[in-house]
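Have a look at the structure below before the remarks.
Number of protein chains: 2
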Amino acid sequence: MAGPKQTLLEQFAVLGKALSNAHRLDLLELIAQGERSVETLAEAAGLSIANASQHLQVLRRSGLVTSRKLGQQVLYRLSGDDVLSLLAALRQTAERHVAEVGRLVNGYFKEKDKMEPVTRNDLMRRMKEGLVTVLDIRPEQEFAAGHIPGSLNIPLKDLKKRLNALSPETEIVAYCRGPYCVLAYEAVAALRGQGRKALRLEDGFPEWRAAGLPVEKL
Amino acid sequence: MAGPKQTLLEQFAVLGKALSNAHRLDLLELIAQGERSVETLAEAAGLSIANASQHLQVLRRSGLVTSRKLGQQVLYRLSGDDVLSLLAALRQTAERHVAEVGRLVNGYFKEKDKMEPVTRNDLMRRMKEGLVTVLDIRPEQEFAAGHIPGSLNIPLKDLKKRLNALSPETEIVAYCRGPYCVLAYEAVAALRGQGRKALRLEDGFPEWRAAGLPVEKL
DNA sequence: TCTGTATTCAACAAATCAATTGAATAATAT
DNA sequence: ATATTATTCAATTGATTTGTTGAATACAGA
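Top to bottom, those sequences are chains A and B. Counting in numbering that gives the first Met the number 0, the first sequence tops out at residue 217, every number present. Counting in numbering that gives the first Met the number 0, the second sequence tops out at residue 217, every number present.
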């Protein structure tokens, strides 16, 4: 009785179900930074290992992520860049049509950084001219898995003590995991509080890589 | 303890949850054809009225659709064209990364129509030259709510008896609800079986309208 | 006002999901 | 082999989702 249409809809629904839990969306954003093991993902997302493993298997069954075994670890990564497009579409729709999201984005996020973010191409241009210091605000591990070439990794918690290592003259552009990642917002706010000239990059590292721009690994 | 990030993820998850049920995805595609009442949506989707009403309320709470009261009916419609983009992203990701979907699309759907579908712009061009008959294969009600100007409404079930009303010379382009709507595929197959030259339009009516192309209403 | 109609609400059972716990598995190192 | 480590599986609990049924609401027309 189930025609091809019905079967297709059920498969699409499996994909929707993968996106229907906040922890899984959190894991997806972490995985988007680069391939990672179950244990480190569990820790970064604040989940027990068994629970993280189960969420990751839901994501794998949905097709959004794939996994491979390396030694005794299982590494998860995004199935492709179109997953980023799907997440972007989800965010855009939520921002436009979910009152609560619009409120948060226009309140918490926009307030922290009234200025337009720097676009990727803008940043590329300014980097070539050597006019700018690029800060990667993510944890070390994510920086190690891939970052913008020439960027300096200063995780948010270390920003205060390492601030004086930066020349006070040059402009600073900060980035982190994605469009709503709070790390870069906090960093820009902190830097401006110190009288620095600081801006935020649009989106985050996964989008930079997906745009085909150069990437460096440790 | 729930920071803004957590709240955002929970809201995104609400959107995902709306997409996590095959009946709701079915209803969404129907709503995308045009504003419709609960009763007609329930019938078209093969659901009881109470059940359809509940699914529709889930969709409304998620922000994907809105509703308004007209007389004693409640009419539901899409919140915006970005919902179509979200659905397209969902389909694309499923097609690329869910084995079962790839199998179905490359089997059932592609087989029925090996040729590339006609693009929207192509169809516009051919229509201007008067070289083509455009068939809308959807049920009357959906045709009435909006269709491609100059198209002829022949619901799939009426195709056989009304086939001879079409000039045997002109090429036929058929369309229906969307990229995986089976109606147009079946129609093209049936027409070709009768020795007609028939092609399928890419996607369906909602995408035509969202592209800003002209639309006619009864 | 009374009547019929469209939709929503409320209550229920069955199924599914989420998180925890502890055991099982698989690969590596000793 | 044995021990160690990373991950998955299985069993359990409580919460959520789904679909059904029948009642409640809201509204228009006679």
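Note that beta-carbon positions come from the ideal geometry of N, C-alpha and C, so glycine has one too.
Kindly list, in the order they appear in chain A, the residues whose Cβ is closer than 9 angstroms to that of K156(B).
Translated into the one-based positions of the second sequence, residue 156(B) becomes position 157. Those do not exist, as K156(B) stays about 15 angstroms from chain A at its closest Cβ, beyond 9 angstroms.
With a Cβ-Cβ cutoff of 7 angstroms, do L158(B) and A183(B) count as a contact?
On the second sequence, position 159 is the one that residue 158(B) refers to. On the second sequence, position 184 is the one that residue 183(B) refers to. Not closer than 7 angstroms, so no.
Which bits of chain A does V187(B) rub up against, with CB to CB less than 9 angstroms?
Numbered from its first residue, the second sequence carries residue 187(B) at position 188. Those within 9 angstroms of V187(B) in chain A number zero; the least Cβ separation is about 15 angstroms.
Under the three-state DSSP convention, the category F37(B) falls into:
Your numbering for residue 37(B) matches position 38 in the second sequence. In the sequence under discussion, the amino acid at residue 37(B) is Val, which differs from the Phe named in the question. Note: V37(B) maps to helix in three-state DSSP.
Segment contact flag, the segment 22 to 39 of chain B with the segment 167 to 187 of chain A, C-beta cutoff 8 angstroms, min 3 pairs
no
What distance in whole Å lies between the Cβ atoms of L24(A) and A12(B), which are believed to be in contact at a cut-off of 8 angstroms?
On the second sequence, position 13 is the one that residue 12(B) refers to. On the first sequence, position 25 is the one that residue 24(A) refers to. Contact flag correct, Cβ pair sits at about 6 angstroms.
Within chain A, partners of G79(B) - CB distance below 7 angstroms
For the purposes of this step, residue 79(B) is taken as residue 80 along the second sequence, with counting starting at 1. Within chain A, the residues near G79(B) are R95 and H96.
Quick one: does E99(A) have its CB under 7 angstroms from some CB of chain B?
To locate residue 99(A), count along the first sequence from 1; it is residue 100. By this cut-off, E99(A) is an interface position.
Are L58(B) and A17(B) close, meaning C-beta to C-beta below 7 angstroms?
Here residue 58(B) refers to the residue found at position 59 of the second sequence. Here residue 17(B) refers to the residue found at position 18 of the second sequence. Yes; because the gap between Cβ atoms is below 7 angstroms, this pair is in contact.
Chain B partners of V181(A), CB-CB under 9 angstroms?
By one-based count along the first sequence, residue 181(A) stands at place 182. Correct list: G2, P3 and K4.
Among R95(B), Q193(B), L14(B) and G211(B), nearest to A87(A) - alpha-carbon criterion
Reading the first sequence from its first residue, position 88 is the one you call residue 87(A). Comparing Cα-Cα distances from A87(A) to each of R95(B), Q193(B), L14(B) and G211(B), the minimum goes to L14(B).
Taking K68(A) as part of the beta strand (DSSP E), name the residues at either end of that continuous run.
Position 69 of the first sequence holds residue 68(A). In the DSSP assignment, K68(A) falls within the beta strand (DSSP E) that extends over V64 to L69.
Short CB-CB distance (under 7 angstroms) between S19(B) and chain A
Taking the first residue of the second sequence as 1, we reach residue 19(B) at position 20. It does; some Cβ of chain A falls within 7 angstroms.
With 7 angstroms as the threshold, decide whether the Cβ of G62(A) is near any Cβ in chain B.
The count along the first sequence starts at 1 and reaches residue 62(A) at position 63. Yes, G62(A) lies at the interface with chain B (some Cβ there is under 7 angstroms from its Cβ).
Near W207(B), what residues of its chain come up, given a Cβ to Cβ distance below 7 angstroms and the 5 sequence neighbours on each side ignored?
Here residue 207(B) refers to the residue found at position 208 when the second sequence is read from its first residue. Counting only Cβ-Cβ distances below 7 angstroms, and skipping sequence neighbours, we find R119 and I147.
Could you check whether the Cβ of E206(A) sits closer than 7 angstroms to any Cβ belonging to chain B?
For the purposes of this step, residue 206(A) is identified with residue 207 of the first sequence, where counting begins at 1. Chain B, which has no Cβ nearer than 7 angstroms to the Cβ of E206(A), makes this no.
Beta-carbon proximity of P138(B) to R199(B), cut-off 7 angstroms:
Translated into the one-based positions of the second sequence, residue 138(B) becomes position 139. Translated into the one-based positions of the second sequence, residue 199(B) becomes position 200. Against a cut-off of 7 angstroms, the Cβ pair of R199(B) and P138(B) comes out as no contact.
Can we say the segment 76 to 85 of chain B touches the segment 93 to 100 of chain A, given the rule of at least three CB pairs closer than 8 angstroms?
yes
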